[in-house]
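Enquirer: With the working numbering applied, the sequence shown corresponds to residues 22 to 326, in that order.
We put the beta carbon where it would ideally sit given N, CA and C, even for glycine.
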Amino acid sequence: MLARVLTSLRTELGPADPALLALDPADALALALAADADALRLKRWLKRRLSGEPIAHITGRFTFRGLTFAVDKRAYVTDPEVTHLVSAVIARATDLAHVAKRAPLLADLGVGCGSLALAIRHALPVARIVGLDLDPDALAVAARNAAAHRLPMRLIESDLFDSWPSSIRAPDLIYGDPPWGDASTLYDETGRPACHYHAMPPVSAFPLGGRTGVHRQILLAVARRGWQSEIWLNCGVLPHAALAALAQSAGATDFEIISPIPALSLLRCRMIGPSALVPKTHSRNDAQSLKMILPQPDSRREFEP
Ligand SMILES: C[S@@+](CC[C@H](N)C(=O)[O-])C[C@H]1O[C@@H](n2cnc3c(N)ncnc32)[C@H](O)[C@@H]1O
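1. In three-state DSSP terms, what is S310?
2. Per DSSP, which residues does A407 bridge with? Please list them.
3. Drop a sphere of 10 angstroms on the beta-carbon of T233, count the other beta-carbons inside from all chains shown, and report buried for 16 or more, exposed for fewer.
4. Within the present structure, is the beta-carbon of D116 separated from the nearest heavy atom of ligand 1 by less than 7 Å?
5. What are the boundary residues of the alpha helix (DSSP H) that includes T206?
6. Answer with buried or exposed for L155, where buried requires no fewer than 16 other C-beta atoms within 10 angstroms of its C-beta.
7. Answer yes or no: the CB of M134 versus the heavy atoms of ligand 1, is any distance below 7 Å?
8. Based on the DSSP output, what are the partners of I279 in its beta bridges?
9. When every heavy atom of ligand 1 is checked, does at least one fall within less than 7 Å of the C-beta of T206?
10. Out of R246, V120, R142, A215, which has the shortest C-alpha to C-alpha gap to G202?
11. Do the segment 116 to 135 and the segment 261 to 268 touch if we need at least three Cβ pairs shorter than 8 Å?
12. Are the segment 236 to 243 and the segment 180 to 200 touching by the rule of at least three beta carbon pairs closer than 8 Å?
13. For I252, which beta-bridge partners are listed by DSSP?
14. Can you tell me which of W248, D59, K94 puts its alpha carbon nearest to the alpha carbon of P76?
15. Closer than 8 Å, CB to CB, is E33 near chain C or not?
16. By alpha-carbon positions, which one of G73, S286, A169 ends up nearest to A263?
17. For R28, which of helix, strand or coil comes out of DSSP?
18. Per DSSP, R175 forms a beta bridge with which residues?
So this is what it looks like as structure tokens:
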């Protein structure tokens, strides 16, 4: 069926169509398998792929750590390498549960479609997880995934920890894959080209305040609250020196940069005590850009899976 559909596309678009020539055979095969022998659907999907749409947004699902998650253009498609952050969090949360002899409370900052939190709960059912995201559309996708996997988790619409309920104690561990990077560090023409990131919700892929701007906001927000939580953040390919500078300038008194594989860094740190550093530092311009790219919620909401 794939060969037949590709021949028909070549006739329609012209055999020298640059997008058609650049089509990755593995992507075509993945779409053909997911199209379930429906040739018309496959042709529609291949056209969407040729225009740069991520495969997971086309098929409506992706697999992460052996679990299948629903996704659509409302939410970021989890990067497979974030599995290393998930492994680290599971290991640390297991240790914390042993030491404290109680269920560890985890906060997933930027929970997106919920894949990281649900993979962690699946591996470590004792963990309690609160998923936070400032994008209500992404939270709706997370709620759907939590329900599908029957793994309850509390989901809260929140800019950083602003809507953290006062009835919940400080998390033992905070983790996340906040947006990071810029055009010089983010795009990888062989793997994820620029169009991949441009297909994601803007607030999920492009950090405000520079390539580590959101990471910095997270550290400062934790310090302002006086939380002693252990923090684990994915930092992708950002250079170690930039991450060390970030941790130092934000006032982390205890930090470590770990590379579980080449070209991937995780920042582990704590913010000890209330910080004397600057208050929340979204600049006026940042706030305006946020208003432009985000639907403005009328009230903060919680999403029950
Ligand atoms: C790179 S995506 C990762 C999503 C998800 N953790 C995953 O790996 O699939 C970053 C997420 O952070 C959220 N985000 C960005 N800035 C935020 C903020 N200030 N407060 C809460 N969430 C934020 C975005 O809406 C997005 O869902």
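Expert: So, from the listed chains and residues:
1. Reliability of the predicted coordinates at S310 is poor, the pLDDT of 42 falling under 50, and the value obtained from them is presented with this limitation in mind. Looking at S310 - three-state DSSP - the assignment turns out to be helix.
2. Residue 407 is absent from the model: the chain starts at 22 and stops at 326.
3. For T233, the number of other beta carbons within 10 angstroms of its own is at least 16, and it is reported as buried.
4. no
5. 204 to 207
6. Counting Cβ neighbours within 10 Å, L155 comes out buried, since at least 16 surround it.
7. This sequence places Cys at residue 134; Met is not what is there. Answer for C134: yes, Cβ within range of ligand 1.
8. L287
9. no
10. A215
11. no
12. Segments in contact, yes.
13. For I252, which the question treats as bridged, DSSP gives the partners I195, C290.
14. Per the sequence presented here, residue 76 reads as Ile, with Pro not at that position. I76 has its Cα closest to that of K94, out of W248, D59, K94.
15. Considering every chain present, this structure includes no chain C. It has just one protein chain.
16. S286
17. The residue asked about is misnamed: residue 28 is Thr in this sequence, not Arg. If DSSP states are grouped into helix, strand and coil, T28 belongs with the helices.
18. V151
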